[in-house]
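One structure is given below, encoded as structure tokens.
Residue numbers (our numbering): 1006 to 1131.
Dropping the structure here:
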């Protein structure tokens, strides 16, 4: 007897591909912003878009602050650049981890970030 695989509709596959696109580091910010700007998409797409924008904005703000601090400091330059690389690596690893959880069908929420995104980002963009 042949194993039975679940039937996945084209809409579900397209939706999953869009969600993966939203979670790609840096690049996913722009389709996420467009989705929220148009206010179209499923509830899950809007939630992932808000999370993607929150993660990218937090990374960019931290990156700019650490780079500015490294450029203006004589004493802590190397330490701030190392911290900046940890921040960037963490952002990419969290994004990859979320993509893997999406493919596994598990929860795509991050404690703290998801609730912040739902309250603050939706207030300004939705």
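Here a beta-carbon is modelled for each residue, glycine too, at the ideal position from N, C-alpha and C.
What you are looking at is a predicted structure, and each value in this text was computed from that prediction instead of being measured.
According to DSSP, simplified to helix, strand and coil, what is residue 1074?
helix
Counting only the same chain and skipping the five closest in sequence on each side, list residues whose C-beta sits under 8 Å from that of residue 1020.
1047, 1049, 1050
Would you mind sorting residue 1058 into buried or exposed? The rule is 16 or more other CB atoms within 10 Å of its CB.
buried
Which residue comes first and which comes last in the alpha helix (DSSP H) that contains residue 1116?
Under the DSSP assignment, residue 1116 falls outside any alpha helix (DSSP H); it carries neither an H nor an E label.
Is it true that the stretch 1106 to 1117 meets the stretch 1031 to 1047, where meeting means three or more beta-carbon pairs spaced less than 8 Å apart?
no
Relative to the C-alpha of residue 1094, which residue among 1108, 1064, 1080, 1056 is closest?
1064
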